[in-house]
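Following: one structure in structure tokens, then a few remarks.
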Amino acid sequence: MIKFNYYIETDRLVIRPLEREDYTPWITEFENRFPSQHKYDEGKIDMSVCTKDWFGDLVDNHQRMALDDKVYVFGIFRKEDNTHIGSIDFSTIMREDFQWARFGYSIHNQFWRQGYAKEAVKAAIILAFEKLNFHRIEAHINLDNTPSVRLAESVGMQFECIRKGFIYEFGEWTDHLIYYINSNSSFGI
Numbered sequence: 001m002i003k004f005n006y007y008i009e010t011d012r013l014v015i016r017p018l019e020r021e022d023y024t025p026w027i028t029e030f031e032n033r034f035p036s037q038h039k040y041d042e043g044k045i046d047m048s049v050c051t052k053d054w055f056g057d058l059v060d061n062h063q064r065m066a067l068d069d070k071v072y073v074f075g076i077f078r079k080e081d082n083t084h085i086g087s088i089d090f091s092t093i094m095r096e097d098f099q100w101a102r103f104g105y106s107i108h109n110q111f112w113r114q115g116y117a118k119e120a121v122k123a124a125i126i127l128a129f130e131k132l133n134f135h136r137i138e139a140h141i142n143l144d145n146t147p148s149v150r151l152a153e154s155v156g157m158q159f160e161c162i163r164k165g166f167i168y169e170f171g172e173w174t175d176h177l178i179y180y181i182n183s184n185s186s187f188g189i
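For the sequence shown, full-length UniProt numbering gives the first residue as 1, with consecutive numbering after it.
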């Protein structure tokens, strides 16, 4: 089977697709999460359905989506000990003359305020431009998600607009801030 295996490294991190062998570091850090810190932090979640077989299916699904150019999911791992810090994903919105994607990021809350999110997002943006060949990347952020806004701005993303009634969540259509960066942008990497 052809395998999607793009990755990028920073001083402290490796950002790469999940592999079946990642089950233990992956499940361990989900189980080590602190209770929810705010509205957009799931905190501790029930991982009882997440068996090794379930995880293998997840890895296979991530591979299929990447090979179909739909969604690229990357695990964030600490280099020194292979600890799973979180994840980053890119969803293709449109190719052709646009080369446009949405991206999301999630860091386990026990690793917050250590610079991992900024380091990982900066590197992942480079990977998206240089390996996935996207030209435009957008982050869709809830209006009151200040930590996510700060992160987007800290990596050089620019505020573009508020999209009204944009995403259905929390039982209603919600507005989102749109932050973007283009491949020809200069952002201090």
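Note that beta-carbon positions come from the ideal geometry of N, C-alpha and C, so glycine has one too.
Quantities reported herein were computed from a predicted structural model and do not represent experimental measurements.
Looking only at its own chain, which residues have a Cβ that is under 8 Å from the Cβ of residue i, when we skip the five neighbours before and after it?
i, result
"I93", "W100, A101, R102 and E138"
Identify whether residue i lies in helix, strand or coil by the three-state DSSP scheme.
i, result
"K52", "helix"
"H135", "coil"
"I8", "strand"
"V59", "helix"
Using C-beta distances below 7 Å, list every residue in its chain close to residue i, excluding the 5 sequence neighbours before and after it, in chain order.
i, result
"I15", "Y7, I8, F74, I76, I88, A120, A123, A124 and L127"
"L151", "A117, K118 and V121"
"R163", "D175, H176 and I178"
"H62", "P17, L18 and V73"
"R12", "R78, K79 and E119"
Per the DSSP calculation, residue i is bridged to which residue(s)?
i, result
"D89", "V73 and G104"
"N142", "H176"
"M94", "W100"
"Q158", "Y180"
For residue i, I'd like the list of residues in its chain whose CB is within less than 6 Å of its CB, leaving aside the five on either flank, ordered along the chain.
i, result
"V59", "L18 and R20"
"residue 223", "Past the edges of the chain, shown from 1 to 189, lies residue 223, and the structure says nothing about it."
Under 8 Å between the Cβ atoms of residue i and residue j?
i, j, result
"P147", "T83", "no"
"E42", "S36", "yes"
"S183", "F129", "yes"
> If you pair each beta-carbon of the segment 172-188 with each one of the segment 54-69, do three or more pairs fall below 8 Å?
Replying inline: no
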